[in-house]
Amino acid sequence: MTDTLSDDALDLIFREARSYNGWHDKPVTEKQIHQIYELVKMGPTSANQQPGRFIWCTSDDAKKRLSECVSDGNTDKVLTAPAVVIIGYDLDFHENLPWLFPHTDAKSWFEGDEEGRKESAFRNSALQGAYLMIAARALGLDCGPMSGFDQDKTTKEFFADQPRYRADWLCAVGYGDRTTIFDRSPRPEFDLFNKVI
Numbered sequence: 003m004t005d006t007l008s009d010d011a012l013d014l015i016f017r018e019a020r021s022y023n024g025w026h027d028k029p030v031t032e033k034q035i036h037q038i039y040e041l042v043k044m045g046p047t048s049a050n051q052q053p054g055r056f057i058w059c060t061s062d063d064a065k066k067r068l069s070e071c072v073s074d075g076n077t078d079k080v081l082t083a084p085a086v087v088i089i090g091y092d093l094d095f096h097e098n099l100p101w102l103f104p105h106t107d108a109k110s111w112f113e114g115d116e117e118g119r120k121e122s123a124f125r126n127s128a129l130q131g132a133y134l135m136i137a138a139r140a141l142g143l144d145c146g147p148m149s150g151f152d153q154d155k156t157t158k159e160f161f162a163d164q165p166r167y168r169a170d171w172l173c174a175v176g177y178g179d180r181t182t183i184f185d186r187s188p189r190p191e192f193d194l195f196n197k198v199i
């Protein structure tokens with residue numbers, strides 16, 4: 003592939019994109035949620051593990067339940083966002099590898115190694131969460147990622163029917179209110195955190 007995105011597209015996804023704390027009263031539709039996921043699933047994960055598990059809280063009831071799991075500073079963000087997605091992971095993702103990665107017996111790599119599965123699921127679902135933010139932004143939506151919440155309480159509340167799933171972080175999705183963002187924090191220059199060898 004030799005084509006590159008336009009500067010406008012790069013601004014939309016990265017340079018001008020911000021983390022929002024407040025939202026306009028405009029819904030995120032189920033069609034948009036499906037569009038986001040159709041992009042997320044195309045992002046690479048190790049051995050196509052696809053360990054991410056996503057619960058999209060769009061109803062008032064779901065957001066109220068979630069608001070009781072978050073820190074005080076995130077309560078209003080959850081209650082007022084059009085959608086808040088719980089990004090979780092499946093500790094037993096390897097059970098799906100025979101069809102997700104049929105090239106070899108990848109399931110056997112993880113059998114009997116729960117700690118290894120947890121590390122891999124955590125890493126690769128975090129990647130999928132990042133893809134989710136990029137996909138949402140590319141589709142004209144804004145994001146507000148959050149880590150201030152009780153992971154165990156959220157897991158029990160939303161993944162009770164899937165005891166091998168774990169909640170990891172949250173991301174509000176909608177149409178951001180620019181009056182609710184902070185001034186952009188500093189970003190490091192290349193030489194500070196990079197080395198080409």
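Heads up: the sequence shown is residues 3 to 199, going by this note's numbering. For every residue, glycine included, the Cβ atom is placed at its ideal position computed from N, Cα and C. For clarity, every value in this text was computed on a predicted model and none was experimentally measured.
- Distance between Gly-142 and Ser-61, taken at the CA atoms: about 21 Å.
- By the Cβ neighbour-count rule, Asp-5 is exposed, with fewer than 16 other Cβ atoms within 10 Å of its own.
- Inclusion of Val-86 and Ala-169 in the CB contact set at 8 Å is not warranted, their separation being larger than that value.
- Considered as a whole, the stretch 24-83 harbours 54-59 as its complete beta strand (DSSP E) runs of no fewer than 3 residues, in chain order.
- For Ile-38 against Leu-102, the beta-carbon gap comes to about 20 Å, at or over 8 Å, which does not count as contact.
- In the DSSP secondary-structure assignment, Arg-168 is bridged to Tyr-91.
- Rounded to whole angstroms, Leu-12 and Asp-144 show a C-alpha spacing of 14 Å.
- About 16 Å separates the CB atoms of Ala-132 and Leu-14; that is not less than 8 Å, and the two are not in contact.
- Taking all protein chains in view, the Cβ of Ser-122 is crowded by 16 or more other Cβ atoms within 10 Å, so the residue is classified as buried.
- Using a C-beta cut-off of 8 Å, the stretch 14-28 makes contact with the stretch 82-99, since at least three inter-stretch Cβ pairs fall below that distance.
- A Cβ-Cβ contact shorter than 8 Å links Ile-89 with Trp-171.
- Partner residues in the beta bridge of Ala-174, as assigned by DSSP, are Val-86 and Gly-146.
- In this structure, Lys-120 sits away from Leu-99, with a CB-CB distance that is not shorter than 8 Å.
- In the three-state reduction of the DSSP assignment, Phe-151 falls in the strand class, which pools E and B.
- With fewer than 16 other CB atoms across the displayed protein chains lying within 10 angstroms of its CB, Met-44 is exposed.
- Non-local beta-carbon contacts of Thr-77 in its own chain, meaning distances under 6 Å to residues more than five positions away in sequence, involve Ser-69 in chain order.
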